[in-house]
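As structure tokens, then:
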């Protein structure tokens with residue numbers, strides 16, 4: 032089956048693509064920016080910069096970050112971060128379905 | 032308003048993105064591969080290679096090509112080429128609508 036890669040370019044010049052979405056999802060599953068970065072083979076600095084970029088582009092925090100404590104700081108998705116993932120995955124799924132149907136049409140065209 | 036860029040990666044390794052679709056559309060409007068290439072600032076060789084790539088990926092000609100004659104050869108879309116453009120633009124439009132709605136939701140989230 033086909034795979035899709037979608038990049039969204041926003042008015043202000045901000046961009047949203049598979050990398051940032053994967054990072055948000057990794058923070059959700061791993062519970063911190065550093066663990067998310069490790070999972071994706073990304074430096075903490077790089078992960079932090081991407082999150083700051085998202086915060087700036089969307090004018091609100093995409094994560095809720097807890098600082099310090101015995102376990103070190105953790106992070107979880109803020110509502111805007113959760114909404115971003117949902118939005119992106121919805122666009123991707125719908126585009127995928129359309130694409131799969133369209134490719135089936137093309138195969139039928141070839142079979143005639 | 033946001034812009035979207037969608038790349039489709041097919042099973043066989045073939046790829047379909049904005050460049051190839053723009054080329055097909057330019058052949059449709061300009062009437063030949065060479066004129067389409069000129070319009071897009073692309074060499075004839077490059078344009079020809081992209082078209083051959085599409086033919087191979089989809090297992091059928093995306094263009095109907097007329098060879099020679101007084102005016103030189105011309106080209107027009109074959110059914111598969113037309114279908115590819117329609118498919119891609121449909122995916123793009125649907126993704127765009129979803130994205131615009133989603134971004135509006137995010138703005139509302141920020142305004143709260």
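Residue numbers (my numbering), protein chains in the order written: chain H, 32 to 143; chain R, 32 to 143. We treat Cβ as the ideally placed atom computed from N, Cα and C, and that holds for glycine.
Cβ contact annotation for residue 48 of chain R (same chain, cutoff 8 angstroms, sequence separation greater than five): 36, 37, 38, 39, in chain order.
Using a Cβ-Cβ cut-off of 8 angstroms, residue 83 of chain R does not count as an interface residue toward chain H, since no Cβ of chain H sits closer than that to its own.
In terms of Cα proximity to residue 88 of chain H, the closest of H/34, H/123, H/57, H/115 is H/115. Under the three-state reduction of DSSP, residue 131 of chain R is assigned to helix.
A distance of 8 angstroms or more separates the beta carbons of residue 41 of chain H and residue 81 of chain H. DSSP places residue 105 of chain R within a strand segment (E or B) once states are collapsed to three. Residue environment: residue 133 of chain H is assigned as buried (16 or more neighbouring CB atoms within 10 Å of its CB, all protein chains considered). The residue among H/111, H/136, H/128, H/129 with its C-alpha nearest the C-alpha of residue 137 of chain R is H/111. For residue 34 of chain H, DSSP records a beta bridge to R/40. With fewer than 16 other Cβ atoms from the protein chains shown falling within 10 Å of its own Cβ, residue 95 of chain H counts as exposed.
Considering only H/61, H/130, H/113, the residue with the shortest C-alpha distance to residue 118 of chain R is H/130. Against chain H, a Cβ distance below 9 angstroms from residue 133 of chain R picks out 114, 115, 117, 118, 119, 121, 122. DSSP places residue 71 of chain H in the coil class of the three-state scheme, outside both helix and strand. For residue 46 of chain R, the beta-bridge partners assigned by DSSP are R/40. Under DSSP, residue 97 of chain R takes part in a beta bridge, and its partners are R/105.
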